[in-house]
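Engineer:
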Amino acid sequence: MNYEDFYNQSIQNPEAFWAAQANEIDWFTKPQDILSTDETGYPLWYKDGSLNACYLALDKHINDGFGDQIAIIYDSPVTQTVKKYTYNEVKSEVARLAGGLLSLGLKKGHTAIIYMPMIPQAAFAMLACARIGVTHSVVFGGFAPHELAIRIDDCKPRLILTASSGIEIDRLIAYKPLVDEAIELAEHKPKKVVVLNRKLGARIPFKKYDVDYDALVYGSEEADCVPVETTHPLYVLYTSGTTGKPKGIVRDTGGYAVALKFSMQKIYGVQPGEVFWAASDVGWVVGHSFIVYGPLINRNTTIVFEGKPIKTPDASTFWRVIAEHKVSVMFTAPTAIRAIKKEDPNGEFIKQYDLSCLRTQFLAGERCDVATLEWYREHIPIPAIDHWWQTESGWPMIANMMGVEYLPIKPGSSGKAVSGYNIMILGENGQELGPNEEGYVVIKLPLPPGTLLDIWNDNQRFQAGYLQKFPGYYFSGDGGFKDENDYIFITGRVDDVINVAGHRLSTAEMEEIVASHHSVAECAVIGINDELKGQIPLALVVTKLGEAIEHFQLQHEIVKLVREQIGAVASLRDVVIVNRLPKTRSGKILRKLMRSIADGDNFQIPSTIDDEAIIDEIKEVLELAKIGSFK
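If you count the sequence shown from 1, position 395 lands on 394 in numbering that gives the first Met the number 0, and the numbers rise without skipping.
#1: Under three-state DSSP, which class holds residue 379?
#2: Have a look at residue 558 and residue 574 and give me their C-alpha separation to the nearest angstrom.
#3: Kindly identify the DSSP beta-bridge partner or partners of residue 423.
#4: State the CB to CB distance for the pair residue 295 and residue 57, rounded to an integer number of angstroms; the pair is presumed to be in contact (CB under 8 Å).
#5: With a Cβ-Cβ cutoff of 8 Å, do residue 452 and residue 119 count as a contact?
#6: How do the region 444–459 and the region 13–22 stand: do at least 3 beta-carbon pairs fall below 8 Å, yes or no?
#7: Indicate whether the contact test is met: 3 or more Cβ pairs, each with one atom in the region 465–485 and one in the region 265–281, closer than 8 Å.
#8: Are the CB atoms of residue 367 and residue 326 within a distance shorter than 8 Å?
#9: Would you list the one or two residues that DSSP bridges to residue 329?
#10: Let me know if residue 14 comes out buried or exposed under the rule of 16 or more other beta-carbons within 10 Å of its beta-carbon.
#11: Of all the beta strand (DSSP E) runs that stay within the bounds of the region 105–170, which reach a length of 3 or more residues?
#12: For the alpha helix (DSSP H) holding residue 2, just list the boundary residues, first then last.
#13: Give me whichever residues DSSP pairs with residue 81 in a beta bridge.
#14: What do you get for residue 7, buried or exposed, if any count of 16 or more other CB atoms within 10 angstroms of its CB means buried?
#15: Taking the beta strand (DSSP E) that residue 472 belongs to, which residues open and close that run?
#16: Measuring alpha carbon to alpha carbon, tell me which residue in 110, 49, 116 is nearest residue 73.
#17: Compare the C-alpha of residue 162 against each of 468, 194, 168 and name the closest.
#18: Can you find the residues in the same chain that come closer than 7 Å, C-beta to C-beta, to residue 264, ignoring five residues on each side of it along the sequence?
#19: Using DSSP bridges, identify the partner residues of residue 253.
#20: Report yes if the C-beta distance between residue 346 and residue 219 is below 8 Å; otherwise report no.
#21: Pop quiz: residue 112 and residue 156 are said to be a contact at Cβ under 8 Å. What is the actual Cβ separation, rounded to whole angstroms?
#22: Which of the three DSSP states, helix, strand or coil, is assigned to residue 534?
#23: Determine the contact status of residue 634 and residue 209, defining contact as a CB-CB distance below 8 Å.
#24: In this structure, how does DSSP classify residue 582 when only helix, strand and coil are distinguished?
#25: Using the Cα positions of residue 245 and residue 205, report the straight-line distance between them to the nearest angstrom.
#26: For the alpha helix (DSSP H) holding residue 607, just list the boundary residues, first then last.
#27: By Cβ distance below 7 Å, which residues in the same chain neighbour residue 529 in space, the five residues on each side in sequence not counted?
#28: Could you pull the DSSP bridge partners for residue 575 from this structure?
#29: Count the other C-beta atoms from every protein chain shown that fall within 10 angstroms of the C-beta of residue 251, then say buried if there are 16 or more, exposed otherwise.
#30: Apart from the five residues on each side of it in sequence, which residues of its chain come closer than 8 Å, Cβ to Cβ, to residue 376?
#31: Under DSSP, the alpha helix (DSSP H) around residue 293 begins and ends at which residues?
#32: When you compare each of 66, 272, 387 to residue 91 by their alpha carbons, which one comes out closest?
#33: Count the other C-beta atoms from every protein chain shown that fall within 10 angstroms of the C-beta of residue 299, then say buried if there are 16 or more, exposed otherwise.
#34: Within 10 angstroms of its Cβ, does residue 261 collect 16 or more other Cβ (buried), or is it exposed?
#35: What does a CB cutoff of less than 6 Å around residue 417 pick up in its chain, not counting 5 residues either side in sequence?
#36: Could you have a look at residue 488 and say whether DSSP puts it in helix, strand or coil?
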């Protein structure tokens, strides 16, 4: 199949294109109204259809005779457990959990929060909610009580499903005390808390609202799937907003199911029966789309991995999992590969495993720098594909569509627009820009199926944040450009473009150059205030393990590299070495936070931060180097 023709069909006749894709899933009521609009004029897909996401993920395959296929492999290096579940086994537990939720008074239209670690029961809980039409909101296990309370008050769950604990590399985190504190802080009070006791030694303070997970599941009858309308909210997923108040992204059921089936086959190029591994967490959109719903709807074996790319026990973990479970296609964040590269720069661990099963490596979550891409391809010579999407889109917007046509990879580019996404680059006044001109990345409406339906209980914020800047377009919040061959380069959030003496410079471009230095494991370039030039760039770098380069030498060489490749206009003079960079739990580097620290501005610590202690470390380094407001 030819990418250009396939893509053009989706843009020129979206109704016909997505009507054909809708035939790929099983509906209880097949939609006739393929594309319409809601009362605000926002596009709606398959409005008159009905279906059930849990039925598509489990029951359909069992009815088709695949009940004995492995559905989920739970691989937990932190508890040294590997457990496999067939589609029959998953369906049995999910249906009984759904029956238990019904017995506790939940029904279609209610909401539930899931606050769990990376264990199979997290996926079971999601599917059980979907089975009975309860909208779930997964909150990353271990989130602070204050943040959990905000989400409780926003989505008003009837019930919370949790586990006794999560496990970090070096400690056990008791979840139940956090949940209890959050309920105390919240104005809305959930009626019940279902607790899975993992029996790992965490404290589980008992409250009157507690229900034991095992007793609930094994004391309940299996519940059937409840048909829901296409636009029924399958889930609400919170993503950080610029105001500090999280945004609850609402996902529909029907359009999402169609989009996930489409993306598993046409983007990731995965056939039913194969093993697919997204090394992420169910707390993030990747976990929703490509650990739980996407692979299961496509009848793949999916891996629920409880561990880290390094230190569980070392940088060989990813390669062991791939080799042991015969993974065909993998998806992870560039951050994970950079962490492995730092610990094992020469790829010694890679040589110890037979990775011949692995066909394609996908990378997303943050822009993948060229140095990381090249390191990966040097050690594992398969297509390593950077692709781009957002919590809001729910599935990829820019990629190399491996199930359609494999196009040449251009390092630094996320590929070309995915079918259904009419991506354009606009200037400040809404005019379309030409090749290699940097501007705002927008998508012409209608967005394809499966993208965000709204913001939970806040349509005004939805309109203001995404639709008003450029009427008729969805505004992604990212900057970028297209080259003469329509490859798209994302240069980062629009506030990651810095203005040095009137020159708009991309920090991402500078990061590419800094990361190309042989001593650098990973880096971040931010723009900090400067009296003379408005802003100047600052590079924060983490050096590779075992590198003994002096700070002044590294700074001299990096400044020289940037001057050679961008010019003196870049004005990069300051390079500081840090032990680590502040990140969200999903691996995104918190550049805005570092910029605020350097500029001495007030800042809000994002709820998604991996480790708050790093803030003091960054302050200390900048103070010692006399940089920014610490001069």
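All C-beta atoms in this analysis are idealised placements derived from N, C-alpha and C, irrespective of residue type, glycine included.
Structural biologist: Well, looking at it:
#1: Residue 379 falls in the coil class under three-state DSSP.
#2: Their backbone Cα atoms lie some 8 Å apart in a straight line.
#3: In the DSSP assignment, residue 423 is bridged to 441.
#4: Right, the Cβ-Cβ distance comes to about 7 Å (below 8 Å), so this counts as a contact.
#5: In this structure, residue 119 does not lie closer than 8 Å to residue 452 by Cβ.
#6: The region 444–459 is in contact with the region 13–22.
#7: As far as the Cβ criterion goes, the region 465–485 does not touch the region 265–281, which means the pair count is below three.
#8: It is not a contact, given that the beta carbons lie outside the stated cut-off.
#9: In the DSSP output, where bridge partners are listed per residue, residue 329 has 276, 360.
#10: Burial check for residue 14: the Cβ neighbour count within 10 Å stays below 16, so the residue is exposed.
#11: Runs of the beta strand (DSSP E) spanning 3 or more residues and lying entirely within the region 105–170 occur at 110–114, 134–137, 158–162, 164–166, in chain order.
#12: Boundaries of the alpha helix (DSSP H) harbouring residue 2: 2–11, taken from the DSSP string.
#13: Answer by DSSP bridge pairing, in chain order: 74.
#14: Burial is judged here by how many other beta carbons sit within 10 angstroms of a residue's own beta carbon; residue 7 has fewer than 16 and is exposed.
#15: Run containing residue 472: 472–481, per the beta strand (DSSP E) assignment.
#16: When 110, 49, 116 are compared, the shortest CA-CA separation from residue 73 is found for 116.
#17: Ranking 468, 194, 168 by Cα distance to residue 162 puts 194 first.
#18: For residue 264, the CB contacts under 7 Å within the same chain, skipping 5 residues up- and downstream, are 297, 402 in chain order.
#19: Residue 253 pairs with nothing; no bridge assigned.
#20: Not a contact, by the Cβ cut-off of 8 Å.
#21: About 4 Å separates the two Cβ atoms, so the contact holds.
#22: Residue state, collapsed to three classes: strand.
#23: Examination of residue 634 is not possible in this model, given that the chain is present from 0 through 630 alone.
#24: Strand.
#25: Using only the alpha carbons, I get a separation of about 30 Å.
#26: Unbroken run through residue 607: none, as it is neither H nor E.
#27: Exclusion of the five residues before and after residue 529 leaves 535 as the residues of its chain whose Cβ lies within less than 7 Å of its Cβ.
#28: For residue 575, the pairing in a beta bridge is given by DSSP as 539.
#29: Around the CB of residue 251, 16 or more other CB atoms lie within 10 Å, so the residue is classed as buried.
#30: Leaving aside the five residues that flank residue 376 on each side, the residues in its chain whose CB is nearer than 8 Å to its CB run, in chain order, 383.
#31: Judged by DSSP secondary structure, residue 293 falls within the alpha helix (DSSP H) whose first and last residues are 293–296.
#32: With distances taken between Cα atoms, residue 91 lies closest to 66.
#33: The residue is buried, with at least 16 neighbouring Cβ atoms inside 10 Å.
#34: In this structure residue 261 is buried. Its beta-carbon is surrounded by 16 or more other beta-carbon atoms within 10 angstroms.
#35: These residues qualify, in order along the chain: 395, 396, 398.
#36: Residue state, collapsed to three classes: strand.
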